Amino acid sequence: MPLLKLVPDNTNIKFLRWRVPFYIVSMILIAASWGLILTKGLNYGVDFAGGQEIEATFTKQAEAPVAALREQVGKLGYGDPVIQRFGAPNEVSIRTKLPESAEGNPGAAEAISKKIIATIRASNPDVRIESVSTVSGKVSGEFRQTAIYALGLAMLAISIYIWIRFEWQFGVGALFALFHDVSLTLGMFALLQMEFSLQIIAAILAIIGYSLNDTIVVYDRIREDLKKFRKMPLPELLDMSVNETLARTVMTSATLLVALIPLLFFGPESLFGLTAAIVLGIFVGTYSSIYMAAPILIWLGVSGDSFVPTESAVERQERLARERSAKP
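For the sequence shown, position 164 (counting from the first letter as 1) is numbered 164 according to the UniProt record's numbering, and the numbering increases by one without interruption.
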């Protein structure tokens with residue numbers, strides 16, 4: 001049975017020919033993403049905006065009526081509730097945002113939770129309330145700050161690692177590619193006003209890992225080709241390196257999308273934001289490895305001379321011996 005090849009052998013696509021237009025488009029997308037983040041903002045979930053979480057079990061039903069609960073609780077005027085199944089199918093978590101008047105007021109928060117519970121029990125008398133918890137705005141603000149630090153430190157540590165393994169130009173290129181991927185993902189959430197929660201932070205960290213893996217594969221091939229073809233013009237060498245790793249890149253991305261696309265359309269609503277972020281991250285991560293991380297090496301002045309292997313003492317003695325024996 002012949003092997004399935006998504007990318008033919010000896011593929012020679014001139015990626016670097018379009019590096020300037022693609023960079024301009026990417027810079028526009030990054031600016032637009034941050035413009036949306038600063039103007040529209042992110043739709044923070046309970047984790048980051050504060051609110052209440054009520055865990056309930058419907059003892060006489062096989063499955064919790066998630067759609068009906070979302071409609072009933074949504075009519076109370078506390079924003080769009082986040083209702084997710086956890087554990088058994090008849091167990092749900094109901095999360096709602098607290099109004100500003102209830103922030104720092106335990107009595108007001110308790111009154112809101114009682115109102116939500118009464119609304120649920122009006123149509124579901126068999127429900128059992130397992131727990132009621134409140135996340136204050138102060139705690140959620142600390143969550144946001146910690147999440148930002150986690151993303152920033154992850155990107156910085158990755159860049160330092162690539163700097164040490166390759167050269168400083170590669171570290172700068174990887175950092176810019178990661179910044180591009182994270183910016184476009186955040187821009188999507190700001191544009192569509194999808195809920196931004198701790199799940200999405202996990203998705204962004206997964207995107208960083210995927211993009212980094214793809215970038216390192218490309219960079220490793222570029223480094224090897226720089227050692228072999230030191231006199232080749234850098235744009236041609238980068239095109240050759242990207243084409244050599246293209247089959248691996250396409251196959252990895254396609255394999256992930258085969259698993260994620262069905263989950264995106266047919267999976268539970270609670271995983272939609274997480275899945276959408278990772279699907280977008282696969283596309284932008286693959287794109288940035290080719291059109292962000294590779295072309296920037298030209299402008300940063302990478303050359304094959306940076307990777308000339310140093311001569312060891314034994315090699316130097318052997319070279320001198322050969323030179324002496326070659327003399328008449």
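Positions of the beta carbon are idealized from the N, C-alpha and C atoms, including for glycine.
Note that the coordinates shown come from a computational prediction; the quantities given were computed from them, not determined experimentally.
Determine which residues share a DSSP beta bridge with residue i and list them.
i, result
"residue 117", "Beta-bridge pairing links residue 117 to no other residue."
"residue 91", "57"
"residue 128", "57"
"residue 133", "53"
"residue 96", "52"
"residue 149", "None; residue 149 has no bridge partner."
"residue 44", "196"
For residue i, report the span of its beta strand (DSSP E) as first-last.
i, result
"residue 84", "82-85"
"residue 52", "51-58"
Count the other CB atoms, across all protein chains shown, that sit within 10 Å of the CB of residue i; report buried if there are 16 or more and exposed otherwise.
i, result
"residue 27", "exposed"
"residue 156", "exposed"
"residue 82", "buried"
"residue 149", "exposed"
"residue 233", "exposed"
"residue 92", "buried"
"residue 191", "exposed"
"residue 10", "exposed"
"residue 64", "buried"
"residue 185", "buried"
"residue 311", "Summary for residue 311: the model assigns pLDDT 47, below 50, so the residue's position carries little reliability, and this model does not support an answer."
"residue 153", "exposed"
"residue 296", "buried"
"residue 167", "buried"
"residue 171", "buried"
"residue 333", "Residue 333 falls outside the range modelled here, since the chain spans only 1 to 328, and no answer is possible."
Considering residue i, what are the terminal residues of the alpha helix (DSSP H) in which it resides?
i, result
"residue 31", "19-39"
"residue 260", "234-266"
"residue 13", "Looking at the DSSP string, residue 13 is not in any alpha helix (DSSP H), and its letter there is neither H nor E."
"residue 188", "168-192"
"residue 210", "198-228"
"residue 276", "272-291"
"residue 67", "66-74"
"residue 297", "296-299"
ask   = Below 8 Å, can you find three or more Cβ-Cβ pairs linking the stretch 281-297 to the stretch 175-184?
value = Under the 8 Å Cβ criterion, the stretch 281-297 counts as touching the stretch 175-184, having at least three qualifying pairs.
query = Do three or more CB pairs link the stretch 56-68 to the stretch 204-212 at distances below 8 Å?
reply = Per the Cβ contact rule, the stretch 56-68 is not in contact with the stretch 204-212 (fewer than 3 Cβ pairs under 8 Å).
query = Counting Cβ pairs closer than 8 Å, one from the stretch 276-286 and one from the stretch 199-209, do we hit at least three?
reply = Because the criterion of three Cβ pairs below 8 Å is met, the stretch 276-286 and the stretch 199-209 touch.
key: Contact between the stretch 217-224 and the stretch 293-302 (3+ Cβ pairs under 8 Å)   = Note that the stretch 217-224 touches the stretch 293-302; at least 3 beta-carbon pairs, one per stretch, sit closer than 8 Å.
message = With three or more C-beta pairs closer than 8 Å as the rule, is the stretch 108-127 touching the stretch 71-79?
response = Per the Cβ contact rule, the stretch 71-79 is in contact with the stretch 108-127 (3 or more Cβ pairs under 8 Å).
task = Spell out a yes or no on whether the stretch 191-201 and the stretch 39-54 are touching, meaning 3 or more CB-CB pairs, one atom from each, closer than 8 Å.
result = Yes: at least three Cβ pairs fall under 8 Å.
message = Using 8 Å as the cut-off, can you tell me whether the stretch 14-32 makes contact with the stretch 232-249, which would need three or more C-beta pairs spanning the two stretches below that distance?
response = The stretch 14-32 is in contact with the stretch 232-249.
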